[in-house]
Structure formats: C-alpha cells, structure tokens
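Step one of this worksheet: look at the structure below.
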Amino acid sequence: MTVEEFKTIYYWEWGHRMLGRVVGVCFAAPWAYFALRKRIPAGYGNRMKLLFAMGGTQGLVGWWMVKSGLGDNRRDDRKEIRVSPYRLAAHLGMAFTTYSTLLWTGFGIMQIPNDVSNGVNGKVGSKSKIAELVQVMSKEGIKYAKKIRSGAIAVTGLTAITVASGAFVAGNDAGNAYNTYPKMNDQWIPREDMIDPDIKPVYRNAFENTAMVQWNHRVLGTSTAISALALTGLGLFHPAARTAITPQVSRGLKTLGGVAVGQMTLGIVTLLNYVPIGLAAAHQLGSLVVLSTGIYVVHSLRYVSPGVLRIVSNRVVTSAAAGGGGGAGASAFTIAGKAPSVARALK
550 MTVEEFKTIY YWEWGHRMLG RVVGVCFAAP WAYFALRKRI PAGYGNRMKL LFAMGGTQGL
610 VGWWMVKSGL GDNRRDDRKE IRVSPYRLAA HLGMAFTTYS TLLWTGFGIM QIPNDVSNGV
670 NGKVGSKSKI AELVQVMSKE GIKYAKKIRS GAIAVTGLTA ITVASGAFVA GNDAGNAYNT
730 YPKMNDQWIP REDMIDPDIK PVYRNAFENT AMVQWNHRVL GTSTAISALA LTGLGLFHPA
790 ARTAITPQVS RGLKTLGGVA VGQMTLGIVT LLNYVPIGLA AAHQLGSLVV LSTGIYVVHS
850 LRYVSPGVLR IVSNRVVTSA AAGGGGGAGA SAFTIAGKAP SVARALK
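Mapping to this note's numbering: the sequence shown position 121 is 670, numbers consecutive.
Now the structure itself:
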C-alpha cells in the first residue's frame, strides 16, 4: 500500500470518527439546554439518558471493532487487513438500534398532543384523541388492526435481521462472489460451497463462509420484500381496512411496500455490478429507509397496542360501573361511523 492509498483510508476513518463526535455534541447540547429549562416532556427523561448512553457505547464498540483489524492475524488471502465481521456486525447493529430508538422517541414526542390528554407521566390518557379513536372502533376493526400491527412488527424485525446479515456480507467481502441472479453460478443453493470443512465448529459457516453468508442475505432480503408487499396488500385492500386503518397507517404501508421492493432491486443491481462503493452505500442507506418506514407503520398503529387497549378497556369498565349498564360498552365498540373523523385528527 502506498502512502497516498493509506491517506485515503485514513481520511475516511478520521472523518467517520469526527462525524460520530459531532453527532454526540448535537444530541447532548440541546438535551442539556432543554433539561436545564425543564422542557423535556414527562416520561422522556430516562429515554434521553438511554440514548446518550447508547451513543457513547457505539463509540466504544467502534473502537473494539477497529482494534480487531490490528495485527497480521487479521490479514486475508489478498494480504489486506480486515476487521472481524462479528465486530463489524455488532457496530452496525448498535448504530441501527440507537437510530431506531431515537426515531421511535421522536415519533412519540411529535404525537404528544394526540396521545397525552389526562395521562400521568407522559402516558396515554383515557381522554386523549388516540383513546377516543379506539373507543369508536368495532371489535372486528380492532382485531384486524392488531393483526396488521403484528405483521408490521414482524416485517420490521425481519428487516433488522437482514441488515445484520448484510454486515456479514460486507465483513467477509461476500458481495464479490456469485455475481449472478437469481441463481448463484447456475445453482439455486450451492451446497458444496456452503460448508467449509476447515471452519470449525460448523455453525461458523453461517457467518464466515462466503457462499452461505451471501445465500442467507439473498433469502432474507427476498423474504423481507415479499413480506412487506403482502402486509401492504392486506392492510390496504382488506374490507376491514376502511374503518380500522388511519390515513397515517395507509401512507406508511404504501411506502413500506415500495421501498422494500426498491431496496431488493438495488441489492441485485449492486451484486451484478460487483459492489461498487456508490451502489453499496446506497444499498446500506436503503436498508435504513426500509427500517425507518417499518418503525413508522408500527408507531402509527399504536392505537391498538396492548397499553392503549388496556387504558381504554379500564375506562369502559369504569364508565359501565358508573352508568350501571352496558351503555358504555356499546359506545366503545359500535360507533364505527365516527372513526374516520377521529382518524383524521391523528394525521
């Protein structure tokens, strides 16, 4: 490696470290300002501490990852020093986890006017707009929305697993092999290449064997795209969707299906072109877009989360006891005609 080649690597690494520190300052400074002025919303104080700790931990994990590339024992067959793919996956996973927590927190703060009315310590109030929405939904609508929420959680979780598998593709440089699609060098499953007898124990092939690592990522990426499309279809075209899905959820589902298919297509193009840096970076950014959209859909369906349903159920029981009959129960589940107007308020 020449000095000029080393400078290129150095400045990428230096810039990455500096950017991480800038991000930390951009979070800590406003947090300190609003905390001193007692402007942190109720219930979010500990969340801010958690996010700050996660950011600091990410820096430590990053150094732990870089440290794994020091020494001649980390040279591969091309005599290049490489970091451990396990530590690379841990670093990427920590970054995505921190980002996801930050995004979920931001969504929650933005929806405080809709979620918190008479709530205590930032929790959903029984008289809030979101609670009102649930009270005018039918039992069938609630049941259907809960299924969509479970599906959105599953798709988002599958996206996260796919992202982690992508870290092993990068860590093992597995994108520069089997650059054909849909088959891997004329084979659907290259069985003979997927188990290296020199890798012990055998399960390590799933994380260190080029063929298996790439095959895993292909299957996970395809499964994510198909699952997202299926969820979009179920959420938009099912007869129950009209009274159970808010405009916010509808927009999220449409976006989720589109970006998931786009991300899969981008991954294929990246593979066929032998992973140029520009396409590889775009593909990684695309995974963040898919994950963000999944989180958005799950958060938009918070009105059928166990916590909200429990609060609404307790209010119904209390109202029934105060009213001495089933009138409250009827009002909770049969006024479906009012649902759209309430839903629009939650945009």
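Note that the Cβ used here is the ideal one computed from N, Cα and C, for glycine as well.
- Message: I'd like to check one pair, residue 840 with residue 709: are the Cβ atoms closer than 9 angstroms?
- Response: yes
- With residue 716 and residue 815 assumed to form a contact (beta carbons below 8 angstroms), what rounded beta-carbon distance in angstroms separates them? Actually they are not in contact, since the Cβ atoms of residue 716 and residue 815 sit about 17 angstroms apart, beyond 8 angstroms.
- Item | Candidates 643, 742, 769, 781, of which the one nearest residue 758 by Cα | 742
- Query: Mapping DSSP to helix, strand and coil, what is residue 534?
  - Reply: As shown, the chain starts at 550 and ends at 896. That puts residue 534 outside it, with no answer to give.
- Item | Pairwise C-alpha distance: residue 862 and residue 649 | 30 angstroms
- Would you call the segment 802-810 and the segment 762-779 in contact, with 3 or more CB pairs under 8 angstroms? yes
- Task: Give me the Cα-Cα distance between residue 711 and residue 692, rounded to the nearest whole angstrom.
- Result: 29 angstroms
- Task: Could you check how far apart the C-beta atoms of residue 781 and residue 802 are, in whole angstroms? I think they sit under 8 angstroms.
- Result: 5 angstroms
- Task: Output yes or no for whether 9 angstroms exceeds the beta carbon distance between residue 719 and residue 828.
- Result: no
- Quick one: what's got a C-beta closer than 6 angstroms to residue 700's C-beta in the same chain, skipping five residues either side? 780
- Would you kindly work out how many angstroms separate the C-alpha atoms of residue 857 and residue 798, rounded to a whole number? 17 angstroms
- Message: For residue 611 and residue 631, which I take to be in contact (beta-carbon distance under 8 angstroms), what is that distance rounded to the nearest angstrom?
- Response: Between residue 631 and residue 611 the Cβ distance is about 16 angstroms, and since that is not below 8 angstroms, they are no contact.
- Task: Could you please give the first and the last residue of the uninterrupted alpha helix (DSSP H) stretch that includes residue 684?
- Result: 678-684
- Query: Does DSSP put residue 660 in a helix, in a strand, or in coil?
  - Reply: coil
- Task: In angstroms with no decimal places, state the Cα-to-Cα distance between residue 665 and residue 575.
- Result: 27 angstroms
- How close, in whole Å, do the beta carbons of residue 707 and residue 647 come, if the pair is a contact with beta carbons under 8 angstroms? About 20 angstroms; that fails the 8 angstroms criterion.
- Should residue 859 be labelled buried (16 or more other beta-carbon atoms within 10 Å of its own) or exposed? exposed
- Do three or more CB pairs link the segment 670-685 to the segment 743-758 at distances below 8 angstroms? no
- Taking the alpha helix (DSSP H) that residue 603 falls in, what are its first and last residues? 594-616
- Query: Should residue 733 and residue 764 be called a contact, given that it needs their Cβ atoms to be closer than 9 angstroms?
  - Reply: yes
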